[in-house]
Amino acid sequence: MDVLTLARLQFALTIAFHYIFPPFSIGLGLILVVMEGLYLATKRPLYHSMTRFWVKIFGLMFAIGVATGIVMEFQFGTNWAAYSRFVGDIFGSALAAEGIFAFFLESGFLALLLFGWDRVSPKMHFFSTIMVSLGSVFSAVWIIVANSWQQTPAGYHLVETAAGRRAEVTSFMSVVLNPSTLNRLSHVLVAACQTGAFLVISVSAFYLIKNRHRDFAQASLKIGLLMALVSAPLQLLTGHSSAVGVARTQPSKLAAFEGHYAVSAPAALNLFGWVSERNERVEFSVAIPGMLSWLISGNSQTPVTGLRAFAPEDRPPINFVFQTYHAMVAIGMMLLALSLLGAFYWLRGTLFQSRWLLWIYVFAVGLPQLANQLGWLSAELGRQPWIVYGLLRTKDGLSRVVGAGEILSSLILFSFVYFLLFALFTYLLDHKIRHGPIEEELGMPGKAAL
Amino acid sequence: MMNLNLNAVWFILIGTLLTGYALLDGFDLGVGALHLLVKKDEERRIMLNAIGPVWDGNEVWLVTAGGALFAAFPHVYATVFSGFYMALMLLLVMLIFRAVAIEFRSKQPMAWWRKTWDISFSVTSLASSLLLGVALGNIAYGVPLRPDHEFAGTFFGLLNPFSLMVGVTTVALFMMHGAIYLVLKTEGSLHERVRGWAKNAIIFFSISFTITTMATLLFLPHMVATIRAHPMLFGISLLNTLAIANIPRELHRGRDFYAFLCSCAAMAALLMLFGIGMYPDMVVASNDPANSLTIYNAASSQKTLGIMLRIAIIGVPLVLAYTASIYWVFRGKVRLDRSSY
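Chain order of the listed sequences is P and C.
Last residue of the first sequence: number 450 in my numbering, and the count goes up by one each step with no gaps.
Last residue of the second sequence: number 1341 in my numbering, and the count goes up by one each step with no gaps.
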């Protein structure tokens, strides 16, 4: 394999693995704020026990998120040195701001969240929980700013320097609030809420099925379900708003989402299909004519720019983007359905007895995770062949001095390490869940840490 | 910010972040290096929990230094990280394993489980310290750079005797720093043993430091040229030596906290001497000084340096406030409780 493929594979592996954890931390962090807030407001021991249990799970997620995040901070320099030279003036600032504003806040207050139970007052502990949660949101803000700038660069000009051409900032505010930042940030944050909500729902459903920790499980399930109910419709809105933004700012990506080829014509919305890139059409599809035009402009006759408006070397991998995008949307709909089903049975008063639904919930924790990964794949592959949309091609962003052999070695190394890490993570998470919340409260010296 | 040399300011700020990293993560890496010296499970838990609430925040200094380097001096970030590729990948894997070793170790009771993670914690702490030191050594020693500032050396070229010696000195320095930190955090018989380690670590450090200094004076004249030109700066060198010499004295008198402060002062002075030696270079090209990366040819635009300085002015006081509060809350001897590792 060539250097480009290997470097992209390594980036994909390390970011995809890392991205399992931050959405859990962001979503679960908000849920922790709710639980501990309820405890402070009501003083019910149940909420205290819930907070303590979920803090332990949070700690585990957070630790692996941090460990795998360090790789991301350095990988632009190791594998994408030419890219780093080109964007350092802008992209680097966002990463540095993330370090200063988010990481220190998170890691500092995390110490109080995890180890401060007996050292600070309950109010101070609650404050720490809020700060950790806020830190994880700030982290998302700066990373989305950096990534959105790659999608829709703004607030820069190109400058010829002694060391080559690069983008330099002209307006920091325009960099931060580039055309896609707000759409993508809201989409990612709501997705994180769904991820956290379905984690809580899954574990609670498991306890209810096993008839263990019933009070704990019912209360947790309700909080998780409420969060899922609020997020699922919101996610349709942010998703819609993102797609409208993509239509305006990254037409080649939108065309790939729907396999729309005609240079400029009203476009259909495919419910599913298979894009034949050779025949330049979508096969086996069920499509609603004019629907895409209507969704992005409110008029089913509005022409939409299609893939033939772009030279073949400027098009993303179309079918892959089409499939990942459609799968993500499908999962979004499933999450909405699952949330509404839960609400329906909750209102009927039979939610905790509906074993079939609880079994679905146990496994539904994988759905938001899958949607997160698929969504990022379609966003990042939809940007191809550009590493900075319209400005720098991915192949021109590589490190010039790193060879295929070196990347292959590091790729094998990371694959091995991450495989091991994932196995250990699953093992410990499973152990914690089986161990359950009640015993945590007995506070047996020396045993509680097991 | 009209007449400010922003490039020099950012050189100092990056140096400050790296110094913060060395002072803070230095002791928890040192604790890791010493970890296997105790055998009893409870004592190992005390070692781990001495750094438990703070090691993660300490590592953030390195991550933020990386981000700040990317923002302020993208060419240094790009050249060094792509040039030191395999060394950096090894460091990353070590840091990952170290983080999970700390996190996972006490989560299962099995002896084999705990032993495996104890060994991982110690080995990765040693290896990370060594790799960081070797990288620093190479920056001082100089590496071959092409006229377009790309790295022109090899992985094995990085393993030259001088850089390896800086690596060993870093390990010794962190061991000393970690041992003194443990003196502050432990009690009873463990405390007495830790005191012994601190003394031995001071000797180990003093020997390796002397050798490194002699090698620098003999073989790296560019690292001392600035001090030769401005003899006032020799004061920092003097301060450094006095701070090191004062550590055993304070320990002997039982003023352990002062010993720790002296160790911090010595490290800060060392890094200051390193920065003065490098300035205004950031990576010295050993083949042709014209190819060196300096604070001028490696920097971002003045506008970005200015924006970043404003971010730093807002952010750094907050960072110092959180850090100080966390250390205050977790001050004193380690007590194992239900939320400990």
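Every residue gets a Cβ at the ideal spot worked out from N, C-alpha and C, and that includes glycine.
Nothing here was measured: the structure is a model prediction, and the numbers come from that model.
Item to check | Partners in chain P for C:Asn1297, counting only beta-carbon separations shorter than 8 Å | outcome: Taking the first residue of the second sequence as position 1, residue 1297 of chain C is located at position 297. Under the 8 Å cutoff, chain P gives Ala162 and Ala163.
Item to check | Where P:Asn147 falls, given that 16 or more other Cβ within 10 Å makes a residue buried | outcome: Translated into the one-based positions of the first sequence, residue 147 of chain P becomes position 147. P:Asn147 should be labelled buried.
Checklist entry - From P:Val401 to C:Phe1151, what does the alpha carbon distance come to, in whole angstroms? => result Taking the first sequence and counting its residues from 1, the one referred to as residue 401 of chain P is at position 401. Taking the second sequence and counting its residues from 1, the one referred to as residue 1151 of chain C is at position 151. In this model, P:Val401 and C:Phe1151 are separated by some 7 Å (Cα to Cα).
Next on the checklist: Could you check whether the Cβ of C:Phe1155 sits closer than 7 Å to any heavy atom belonging to the ligand PLP?
Outcome noted: Absent from the structure shown: the ligand PLP. Ligands present: none.
Next on the checklist: Let me see if you follow: with CB-CB separation under 8 Å, is P:Trp149 close to chain C or not?
Outcome noted: Your numbering for residue 149 of chain P matches position 149 in the first sequence. False, the Cβ-Cβ gap to chain C never drops below 8 Å.
Checklist entry - Exposed or buried, P:Arg159, counting other C-beta atoms within 10 Å across all chains shown (16 or more means buried)? => result Within the first sequence, the letter at position 159 stands for residue 159 of chain P. One detail in the question is off: residue 159 of chain P reads as Val in this sequence, not Arg. Burial call: exposed.
Checklist entry - Between the Cα of C:His1057 and the Cα atoms of C:Arg1338, C:Ala1321, C:Leu1336 and C:Ser1339, which residue gives the shortest distance? => result Mapped onto the second sequence, residue 1057 of chain C falls at position 57. According to the sequence displayed, residue 1057 of chain C carries Gly and not His. With distances taken between Cα atoms, C:Gly1057 lies closest to C:Ala1321.
Checklist entry - Which residue's Cα is closest to the Cα of P:Glu280: P:Leu295, P:Val263, P:Leu113 and P:Trp294? => result Taking the first sequence and counting its residues from 1, one reaches residue 280 of chain P at position 280. By alpha-carbon distance to P:Glu280, the top candidate from P:Leu295, P:Val263, P:Leu113 and P:Trp294 is P:Val263.
Next on the checklist: Residues of the segment 1185-1209 of chain C in Cβ contact with chain P at a cutoff of 9 Å, in chain order, please.
Outcome noted: For the segment 1185-1209 of chain C, which is checked against every Cβ of chain P, not one residue is closer than 9 Å.
Checklist entry - Which whole-angstrom value describes the C-beta separation of C:Phe1343 and C:His1177, a residue pair presumed to lie in contact below a C-beta threshold of 8 Å? => result The displayed coordinates of chain C run from 1001 to 1341. Any statement about residue 1343 of chain C would go beyond what the structure contains.
Item to check | Three-state class that DSSP yields for C:Ala1152 in the structure shown | outcome: Walking along the second sequence from the start, residue 1152 of chain C turns up at place 152. In the three-state DSSP reduction, C:Ala1152 falls in the coil class, being neither helix nor strand.
Item to check | Where the alpha helix (DSSP H) containing P:Val282 begins and where it ends | outcome: As a working note, residue 282 of chain P is residue 282 in the first sequence. Premise fails: P:Val282 lies in the beta strand (DSSP E), Arg281 to Ile288, not in any alpha helix (DSSP H).
Item to check | P:Lys432 versus P:Ala102: straight-line alpha-carbon distance, rounded | outcome: Counting from 1 along the first sequence, the entry for residue 432 of chain P is found at position 432. Counting from 1 along the first sequence, the entry for residue 102 of chain P is found at position 102. C-alpha separation (whole angstroms): 28 Å.
Checklist entry - In chain P, which residues lie with their C-beta within 7 Å of the C-beta of C:Met1380? => result The shown model of chain C, from 1001 to 1341, leaves out residue 1380 of chain C, and the question about it has no answer.
Checklist entry - Can you find a CB in chain P that lies within less than 8 Å of the CB of C:Ser1301? => result Counting from one through the second sequence, the residue named residue 1301 of chain C turns up at place 301. Nearest CB-CB separation between C:Ser1301 and chain P: below the 8 Å threshold.
Checklist entry - If the cut is a Cβ gap below 7 Å, which residues of chain C does P:Ser399 touch? => result As a position in the first sequence, residue 399 of chain P is number 399, starting the count at 1. Simply Ser1082.
Next on the checklist: Applying the 10 Å Cβ sphere with the 16-neighbour rule, what's the burial state of C:Trp1010?
Outcome noted: Counting from 1 along the second sequence, the entry for residue 1010 of chain C is found at position 10. Taking all protein chains shown into account, C:Trp1010 has 16 or more neighbouring C-beta atoms within 10 Å of its C-beta and is therefore buried.
Next on the checklist: Can you list, in chain order, the residues of its chain with a C-beta nearer than 6 Å to that of P:Phe257? Leave out the 5 residues immediately preceding and following it.
Outcome noted: Walking along the first sequence from the start, residue 257 of chain P turns up at place 257. Tyr325, listed in sequence order.
Checklist entry - Using 8 Å as the limit for Cβ to Cβ distance, is P:Gly99 near chain C? => result Within the first sequence, numbered from 1, the residue matching residue 99 of chain P stands at position 99. P:Gly99 counts as touching chain C.
Checklist entry - Expressed to the nearest angstrom, what Euclidean distance is found between the alpha-carbon atoms of P:Gly92 and P:Ser84? => result Taking the first residue of the first sequence as 1, we reach residue 92 of chain P at position 92. Taking the first residue of the first sequence as 1, we reach residue 84 of chain P at position 84. Rounded to the nearest angstrom, the two C-alpha atoms are 8 Å apart.
Checklist entry - Any idea if C:Met1089 is buried or exposed, counting beta-carbon neighbours within 10 angstroms, 16 or more meaning buried? => result Numbered from its first residue, the second sequence carries residue 1089 of chain C at position 89. Label assigned to C:Met1089: buried.
Next on the checklist: Check whether the segment 1132-1142 of chain C and the segment 1093-1112 of chain C touch, using three or more Cβ-Cβ pairs below 8 Å as the test.
Outcome noted: Short answer: they don't touch.
Next on the checklist: Our contact map puts C:Phe1257 next to C:Leu1184 with C-beta atoms below 8 Å; I'd like the distance itself, whole angstroms only.
Outcome noted: Start at 1 with the first residue of the second sequence, and residue 1257 of chain C comes out as number 257. Start at 1 with the first residue of the second sequence, and residue 1184 of chain C comes out as number 184. About 6 Å separates the two Cβ atoms, so the contact holds.
Checklist entry - In chain D, which residues lie with their C-beta within 7 Å of the C-beta of P:Ser107? => result No chain D appears in the structure shown, which is made up of the protein chains P and C.
Checklist entry - Which whole-angstrom value describes the C-beta separation of P:Trp359 and P:Ile130, a residue pair presumed to lie in contact below a C-beta threshold of 8 Å? => result By 1-based counting over the first sequence, the position of residue 359 of chain P is 359. By 1-based counting over the first sequence, the position of residue 130 of chain P is 130. About 35 Å separates the two Cβ atoms, so there is no contact after all.
Item to check | Alpha carbon of C:Tyr1341 to alpha carbon of C:Glu1042, nearest angstrom | outcome: Numbered from its first residue, the second sequence carries residue 1341 of chain C at position 341. Numbered from its first residue, the second sequence carries residue 1042 of chain C at position 42. Looking at the two C-alpha atoms, the distance is approximately 11 Å.
Next on the checklist: According to DSSP, simplified to helix, strand and coil, what is P:Glu441?
Outcome noted: Taking the first sequence and counting its residues from 1, one reaches residue 441 of chain P at position 441. Unreliable placement is indicated for P:Glu441, whose pLDDT of 48 sits below 50; no coordinate value is reported for it.
Next on the checklist: Helix, strand or coil, according to DSSP, for P:Pro233 in the structure here?
Outcome noted: Locating residue 233 of chain P in the first sequence gives position 233, where the first residue counts as 1. Helix, per DSSP.
Next on the checklist: Tell me which residues share the same chain as C:Pro1161 and place their Cβ nearer than 6 Å to its Cβ, disregarding the 5 neighbours each side in the sequence.
Outcome noted: On the second sequence, residue 1161 of chain C is found 161 positions in, with the first residue counted as 1. The answer is none, since no qualifying residue turns up.
Item to check | Validate contact between the segment 1110-1125 of chain C and the segment 107-125 of chain P using beta carbons, cut 8 Å, 3 pairs | outcome: As far as the Cβ criterion goes, the segment 1110-1125 of chain C does not touch the segment 107-125 of chain P, which means the pair count is below three.
Checklist entry - Considering only the beta carbon of each residue, do P:Asn299 and P:Ala287 sit closer than 8 Å? => result The residue labelled residue 299 of chain P in the question sits at position 299 within the first sequence. The residue labelled residue 287 of chain P in the question sits at position 287 within the first sequence. Not closer than 8 Å, so no.
Next on the checklist: Helix, strand or coil for P:Ser276? Go by DSSP, reduced to three states.
Outcome noted: For the purposes of this step, residue 276 of chain P is identified with residue 276 of the first sequence, where counting begins at 1. In this structure, DSSP gives P:Ser276 an extended state, which the three-state scheme calls strand.
Next on the checklist: Which same chain residues end up closer than 7 Å to P:Phe17 when comparing Cβ atoms and leaving out the 5 residues on each side of it in sequence?
Outcome noted: Counting from 1 along the first sequence, the entry for residue 17 of chain P is found at position 17. So the qualifying residues of the chain are Thr68 and Tyr418.
Checklist entry - In terms of alpha-carbon separation, which member of P:Phe76, P:Ile64, P:Ile57 and P:Arg165 lies closest to P:Leu113? => result Here residue 113 of chain P refers to the residue found at position 113 of the first sequence. Taking only the C-alpha atoms, the option nearest P:Leu113 is P:Ile57.
Next on the checklist: Counting only Cβ pairs nearer than 9 Å, list the residues of chain P close to C:Ile1014.
Outcome noted: Within the second sequence, numbered from 1, the residue matching residue 1014 of chain C stands at position 14. Chain-ordered listing is empty here: chain P has no CB closer than 9 Å to the CB of C:Ile1014, the nearest sitting near 10 Å.
Checklist entry - The alpha helix (DSSP H) spanning C:Pro1161 covers which residue range? => result Counting from one through the second sequence, the residue named residue 1161 of chain C turns up at place 161. If you look at C:Pro1161, you'll find it in the alpha helix (DSSP H) that goes Pro1161 to Lys1185.
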